[in-house]
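Chemist: Residue numbers (our numbering), protein chains in the order written: chain A, 1 to 166; chain B, 167 to 403; chain C, 404 to 1433.
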Amino acid sequence: MFYAVLEGLRRFKIPHNFEFVSIISLYARWIREGRLNVSSAWNTEGLKFTVQDPCKLVRQGIGDEVAEDLRFVIRQVAGEENFIDVWPNKSNNYCCGGGGGALQSGFVQNRRACGKAKFQQLQATGADVVITPCHNCHTQVKDICDHYNGKWQTTHLWNWIVKAMI
Amino acid sequence: MENTIDLSRRKEELRNHIKDVFPESNLDYCLTCGMCVSGCPAADIEGLDPRKLLRMFVLGQEEELLSTRWIYTCTVCGRCKHACPMGIDVGRIVYVLRGMRPKDQRPANLQRSCELQKAGNSTGIPNEDFVWVVGDVLEETRQNEPEWAGLQAPIDKAGAEYYLNQNAKEPTVEPEEMVPLWKILHRVGIDWTYSSKWWDGANYCLFPGDPKDWEETLRKQVEVVDALGCRYYINTE
Amino acid sequence: MNNTKGSVLVIGGGITGVQTALDLADSGFYVYLVERTAAIGGVMSQLDKTFPTNDCSACILSPKLVECGRHLNIQLLTLSELVSLKGEPGNFRAVIRENPRYVDANKCIACGMCAEKCPKVVPNEFNNGLGTRKAAYLKFPQAVPLKYAIDAKHCIWLNKPGRCGACAKACPAGAINFDDKPKEHILEVGAVALALGFETYDPSLLDFTGYGRLKNVVTSLEFERLLSPSGPCLGHMERPSDHAIPKRIAWLQCVGSRDINRACNAYCSSVCCMYAIKQAVIAKEHAAGHLDATIFYMDMRTHGKDFEKYYERAKASGISFIRSRVHSVWPAGQAVHTQKGFEYGHDLLVRYSDEDGHLHEETFDLVVLSVGMQLSASARGLLSKLDIPLNSHGFVPFSSFSPNSTSKPGIFICGPVSDPKDIPQSVTEASSVAAEISALLSSSRWQTTKTKEFPPERDITAEPPRIGVFVCHCGINIASVVNVKEVAEYARTLPGVVFVQDNLFTCSQDTIVNMVATIRREGLNRVVVASCTPRTHEPLFQETLREAGLNPYLFEMANIRDQDSWVHQNEPEKATQKAKDLVRMAIAKVRGDQPLSANVVPVHKRALVIGGGVTGMVAALSLADQGFPVDLVEKAEGLGGNARRLYRTWQGEEVAEMLQSLIDRTTNHANITLHSSTTLERTSGSVGRFKTTLSNGKEIEHGVAILAVGGQPWRPSGEWQYLYGEEERVKTLLEVDELCMADENVKATGRSPLLSQLNHVVFIHCVGSRIPERPYCSRVCCTHAIDQALKLKELNPRMNIYMLYRDIRTYGQREILYQEARAKGIVFIRYDLNNRPTLTKDGDTLCIGAMDHVLKRPLVIHPDMVVLASAVEPRRDAGELSKFFKCSINAEGFLMEAHAKLRPVDFATDGVFLAGLCHYPKPLEESIAQAKAAAVRAVRVLAQDVVPAESAVAVVNPAKCVTCGVCAKICPYSAISKDPVLQKASVDASLCKGCGACVASCRSDAITLKNMGNEQIMAAIEAAMCNCGG
């Protein structure tokens, strides 16, 4: 999990020789640099995409910059016109409701109540696909979709990049 | 009245404890404005919200604070702090409260994830299994998809530029989800590696609230990555 | 030799700078008023209405701007900035750069052709970017100077010479000058006033507000423009996204204020609560009641005079006040697929928590962010150039005892540059600065000023009426509706009219010059101007008559704009007919107008100050330092008033030492005569020549008077008694202040301090304030109580302190104390009137009962001391005193100023001024500023040898008078008395204000108002009724 490493290195002042990066930042950089060529031509049906901003990566991690990268990659992969943002978004986005150990803690009813706000904002987008770059978010977003009768498909980003690679 | 709070006997140990371990929490600065409540996905669940939690510290409601389950409904998402005019970090205060709870009174799965993580990964599978699964899936892909016959999934490759981790869910539950990432990295052409010693991308020891456990697991990871000599540590989530 | 310069540099042309300039220019100094933009007026000119009077901002501001623009002793330097300043108090050398306007101000007739033809459309900063203007522009319709300018950044020609030039071709006056260059002015001045104003916080820095990304989230200043008739939607109140009329509006308070997290402005901006309420009230008026207005807030800070009543009225009118801050604003409803892709609707969703912690969602059409104040980058740059440092909150630090001084002698500050403040407070400080400068430069008063010389008046008594009529187009203001040419031709046909002219702008500089020549050439002896309104323009035209050697009362205005073209836009023919009627009436009336003599009263150059508290002493010292003798009257034996019981200011300055030096200076000043243990017996006379008899038998002649009679702490009683007076552990703030001072003494003697023994202390706020009997906030108590609690914490850091409050009102940087108090563990518990705290005694144990506002659980506290923050009330004798000077008091017994916004220290009665607690509860620094402000307002009179009195006064025809005495009783100015010889009513022309009350009251038809008699009025009415060809 991004924050656990980023904040841990900072808080415990752990000496290290590497630079800590998110795969999302790299996807965006590689596409911008032309090292990863993608096209949305595959999306002939006009599948609509929206996104979840993981708290630990965006608000508590890198901030709006990585949220912009994330949207950039999705727009490249799915087509500019096929992306619709959620509100609120980026650093101000709602938590999925499953983070911070909630998925592991087992209070299912509370966790789903906590995910209600997330469900409502995702539902308001009318998107077919919700991209969840974090595994915790992925599990929770899928669960609230099933629980509250959403219709979207919850997926990782990498499947779509591969689909769009040219 | 039954639920009357006698402030002349107000307890301050817990409040002072927070201020000791987390002086920049700004705990006392709360204006009780409700901005956190209106932005909190966990508000009004179990009758609690960030404002009430802070108020319980101020009014010395220590038993309630140490026993509420709300601290496991709060996902420490930090949305309260994001807008709080006083920048109060309720999430970190929640972590402190979680950490004050005896281990046997914590949600069992949450604690177990951390204990397993300390031993290597949060699922508890032996590292050899990870190595085997990666090899197996790689082989299968190379065979089934001829255009990806050259696909790589290096492990413990010293001197690789990038160290990569993987959420433990993939090698254990949905191994095919690892393949797309390999393909992307292959297409971009970077020099990367997994580590057989520390490959789990999660770190559940943050959540139970024991900073020592969190630090311990993180130090292990750092050791592994630095030992490989990688310039970049890629987190996949 | 006197090296002190008699001129002053005022930087900043907002209302604050304008007021400083006017006060100084009227007190005998020459003023350079430097303004960065193309016109003076500042933020106030952008506002729609102002609280608490709901006056139109532009309407009350415009006359001041016009006065400033026309003042002989004020030189406006627009588009100008300070380059450097060197020297010392009394003798500075300032270099000013005046940037090119590219329009020759002497030639420009403000016809607007340049802007009409200019092809370059740019965002209009006057409307905060809502709507557009041209590169050739007038800053706003009532701009002073009323001159167009060309925006060099956007002008096509200036960027690519030869490419456009449309304005130059269109300008009928040949005023466009693309070769205009910056000019440097070197000014020798004795002092500098900085009135640098403020800018609003930029909420795009707070992502959760949605500002900058959601079109219907606007700032409060943008909303002022949406309401304003001169704004982008001409006052129709539309929302930006789709021009729909909003039916549901939310205000979010404290955006960029009271925030140490993201906004980094820890202070309260002081004005936002009131302007939000005002906006909600005005928006409701705009929507004819069909508006749901909701204000989301944390503490409602209506701490100014009449603010609390305004708040209560707003609540009663159905405006919702929700005590909850809103985390985020986002689009309401589902996204829909359109041709442009996905889109959310225009409405906005707001999720909030009620006080119990339950969540609610509400949809709004428009969200207004109540943005806070901060210094602009240009103001900060200027201050750094002057080497004046800022404090950690970004304001210029100030001493509570000298609130308008800076670290640089001779350079003074006023307005929000030192702390966020509202218009009355800023205007007060503007005058206070004028007082400081007037004292500093008093040796050079009238040394550098110019005097207007008028030619001798022509005797017209033997002449038949020769009337000149000037009909104004007012650009397109009149001419787009009224057929001006037709009106002019019609006027020509009326009896007595010998000259008629129509002008694009009758008030422009060139037309005025032309009018003087015309009056002389044509031998006119009556003038009618048909144009805007006499309210703003009558003095200008009357002065024009004087310049042409005509008596100024041979003049009438026909109001064919405000009362015609503006209100009958859709009926041009009828409007033209009405214009003719109005012109005909004015001509009929002016025909009978007679020259009136200019009444004047010689000024007795001596002041009376009543009240020997800090305010009275400061006022007396200021007058004395400005060179005028003062009689200071104090009821008590000693000086000092309430301040004797105050321990320290909220900035930590101890009061006692300051007070002693003030008393010493007052007692020893050569210009001050002190009358202690003395009261007023009676007063007569009016501005310039009052006569007052004191209880010590002395009779004083004085030109002006300042009432600084103070206020007093309310003694807790009734349901707010809280055992006060029965239980010695219950004290008031002032009593604890006295203990604090005693403690300081105890500390000095090494014995253990008295207060530090306490373990549990409870403060109860709003004791006696904000209740039906006293429906006002006492303004000072929140800050005083919190500062006192902090003092107790200093004495004993382990003391448990609880504050029971209704709203914390630590406005401005006082908010830092509130923050500090919370940080130190002082617990704040909110109560409301339905759930007041209780105090009982069980044996010897005190017991406070309250309800926690967050956990909603009952609380008990067993305190060692209870401190009551009791109300400040006016002195009972204030009303009596005010009657001596024909001044009024409001319902609560506070003295009533002439205008709450722009004349905060004047009374409606000329020559009488007020300051301090008798006006409203306030802290020391505000009383001191007000005292100085009152002093300079008084000096504006004392500095003159004579003051003008009303000329259009009432006269009694003794032949008709039956000496019934009704008129004398009804006269609000006591101007009528019985003539001892004739035994008939007689009007003292120097007291008469020309109100006409006596005329209406006289059953014998014996009284006439000069030029308003039956002769003139009936002529006008007959003209209105006749159908003579118009």
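Every residue, glycine too, gets a C-beta built ideally from N, C-alpha and C. From a predicted model like this one, the values you see are computed outputs, not experimental measurements.
Would you say residue 699 of chain C reaches chain A, if we count a Cβ-Cβ gap shorter than 7 Å as a contact?
Modeler: no
Chemist: My output table needs one value for residue 155 of chain A: the three-state DSSP class, helix, strand or coil.
Modeler: strand
Chemist: Mind pulling the chain B residues with CB within less than 7 Å of residue 1338 of chain C?
Modeler: The premise fails here: residue 1338 of chain C is roughly 40 Å from chain B at the closest Cβ pair, so nothing lies under 7 Å.
Chemist: Which residues in chain A have a C-beta closer than 9 Å to the C-beta of residue 171 of chain B? List them in chain order.
Modeler: Chain-ordered listing is empty here: chain A has no CB closer than 9 Å to the CB of residue 171 of chain B, the nearest sitting near 26 Å.
Chemist: Determine, for residue 380 of chain B, whether the minimum Cβ-Cβ distance to residues of chain A falls below 7 Å.
Modeler: yes
Chemist: Using the C-alpha atoms, what's the distance from residue 369 of chain B back to residue 381 of chain B?
Modeler: 10 Å
Chemist: State yes or no: is the beta carbon of residue 276 of chain B nearer than 7 Å to at least one beta carbon in chain A?
Modeler: Yes, residue 276 of chain B lies at the interface with chain A (some Cβ there is under 7 Å from its Cβ).
Chemist: Is residue 657 of chain C helix, strand or coil by DSSP?
Modeler: Under the three-state reduction of DSSP output, residue 657 of chain C falls in the strand class.
Chemist: According to DSSP, simplified to helix, strand and coil, what is residue 581 of chain C?
Modeler: coil
Chemist: Given that residue 91 of chain A touches chain C, what residues does it touch there, using C-beta distances under 7 Å?
Modeler: Neighbours of residue 91 of chain A in chain C, taken as residues at a C-beta separation under 7 Å, are given in chain order as 610.
Chemist: Using the rule of at least 16 other Cβ atoms within 10 Å of the residue's Cβ for burial, across every protein chain shown, is residue 1433 of chain C buried or exposed?
Modeler: With a pLDDT of 49 at residue 1433 of chain C, under the threshold of 50, the predicted position of this residue should be treated as unreliable, though the coordinate-derived value follows. With 16 or more other CB atoms across the displayed protein chains lying within 10 angstroms of its CB, residue 1433 of chain C is buried.
Chemist: Check for me: the alpha helix (DSSP H) holding residue 1250 of chain C runs from which residue to which?
Modeler: Run containing residue 1250 of chain C: none in the alpha helix (DSSP H); it sits in the beta strand (DSSP E), 1248 to 1254.
Chemist: To which residues of the same chain is residue 1141 of chain C closer than 7 Å at the C-beta, ignoring the five residues directly before and after it?
Modeler: 1048
Chemist: Can you tell which of C/1057, C/738, C/996, C/1250 has its C-alpha closest to the C-alpha of residue 869 of chain C?
Modeler: If you compare the alpha carbons of C/1057, C/738, C/996, C/1250 with that of residue 869 of chain C, the shortest gap goes to C/996.
Chemist: With DSSP collapsed to three states, give me the class of residue 1178 of chain C.
Modeler: Correct three-state label for residue 1178 of chain C: coil.
Chemist: Between the region 430 to 445 of chain C and the region 1336 to 1350 of chain C, do at least 3 Cβ pairs fall closer than 8 Å?
Modeler: yes
Chemist: Compute the Euclidean distance between the alpha carbons of residue 178 of chain B and residue 761 of chain C, then round it to the nearest angstrom.
Modeler: 28 Å
Chemist: Within 10 angstroms of its Cβ, does residue 1010 of chain C collect 16 or more other Cβ (buried), or is it exposed?
Modeler: It is buried - the Cβ of residue 1010 of chain C has at least 16 other Cβ atoms within 10 Å.
Chemist: Residue 998 of chain C and residue 954 of chain C look like a contact to me (Cβ under 8 Å); what is the Cβ gap, rounded to whole Å?
Modeler: 3 Å
Chemist: Taking 7 Å as the CB-CB limit, is residue 187 of chain B close to chain C?
Modeler: It does not; no Cβ of chain C falls within 7 Å.
Chemist: When you compare the CB of residue 155 of chain A with every CB in chain C, is at least one pair closer than 7 Å?
Modeler: no
Chemist: List the residues of chain A whose Cβ lies closer than 7 Å to the Cβ of residue 354 of chain B, in chain order.
Modeler: 30, 35, 36
Chemist: Could you tell me the distance, in whole angstroms, from the CA atom of residue 728 of chain C to the CA atom of residue 701 of chain C?
Modeler: 6 Å
Chemist: In chain A, what lies closer than 7 Å to residue 319 of chain B by C-beta?
Modeler: In chain order: nothing, as chain A lies at least about 14 Å away.
Chemist: Closest by CA to residue 343 of chain B, which one among B/259, B/375, B/402, B/197?
Modeler: B/402
Chemist: Helix, strand or coil for residue 486 of chain C, going by three-state DSSP, please let me know.
Modeler: The answer is strand: DSSP assigns residue 486 of chain C an E or B state.
Chemist: Check for me: the alpha helix (DSSP H) holding residue 1184 of chain C runs from which residue to which?
Modeler: 1184 to 1198
Chemist: Measure from the C-beta of residue 448 of chain B to each C-beta in chain A and report whether the shortest distance is under 7 Å.
Modeler: The displayed coordinates of chain B run from 167 to 403. Any statement about residue 448 of chain B would go beyond what the structure contains.
Chemist: Going by DSSP in three states, residue 811 of chain C sits in which element: helix, strand or coil?
Modeler: coil
Chemist: Name the residue from C/498, C/533, C/567 whose alpha carbon lies nearest to the alpha carbon of residue 521 of chain C.
Modeler: Nearest C-alpha to residue 521 of chain C among C/498, C/533, C/567: C/567.
Chemist: Taking all protein chains shown into account, do 16 or more other C-beta atoms lie within 10 angstroms of the C-beta of residue 743 of chain C, making it buried, or fewer, making it exposed?
Modeler: exposed
Chemist: From the DSSP secondary-structure annotation, give me the bridge partner or partners of residue 603 of chain C.
Modeler: C/776
Chemist: Strictly under 7 Å for the Cβ-Cβ distance: is residue 87 of chain A near chain C by that measure?
Modeler: yes
Chemist: Any idea which residues DSSP pairs residue 1005 of chain C with across the strands?
Modeler: According to the DSSP secondary-structure assignment, residue 1005 of chain C is paired through a beta bridge with C/1349.
Chemist: Counting only runs of 4+ residues fully inside the region 1296 to 1361 of chain C, write out the alpha helix (DSSP H) ranges in chain order.
Modeler: Within the region 1296 to 1361 of chain C, complete alpha helix (DSSP H) segments of at least 4 residues are found at 1327 to 1345, given in chain order.
Chemist: Counting only C-beta atoms, is residue 731 of chain C closer than 7 Å to chain A at any point?
Modeler: yes
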